[in-house]
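See structure below.
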């Protein structure tokens, strides 16, 4: 068992415990190393982000021109 007690960012103590077991009989699986990497974010998130940034740039240019020309 591993026991811990720390002070959080707002100043109150936090404590707990967790079990830690080490044994030579158990071996780590290496199947995850051989797997192909996957993307976590689908293409639609990138497209939506690009559209949001482009609309922000358009709004900034529109506001700048409107303020200086009229």
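Numbering (my numbering), first residue to last: 7 to 76.
A virtual CB, placed ideally from N, CA and C, is assigned to each residue, including glycine.
Exercise for the section: Mind checking which residues open and close the alpha helix (DSSP H) that includes residue 22? Expected result: Locating residue 22 in the chain shown gives position 16, counting from the first residue. Taken as a continuous stretch (DSSP letters only), residue 22 belongs to no alpha helix (DSSP H), being part of the beta strand (DSSP E) at 19 to 24.
Practice task
May I ask which residues mark the beginning and end of the beta strand (DSSP E) holding residue 28?
Solution key: Looking up residue 28 in the chain shown gives position 22. Taken as a continuous stretch (DSSP letters only), residue 28 belongs to no beta strand (DSSP E), as it is neither H nor E.
Problem - Where the alpha helix (DSSP H) containing residue 55 begins and where it ends - result: Your numbering for residue 55 matches position 49 in the chain shown. That run of the alpha helix (DSSP H) goes 49 to 75.
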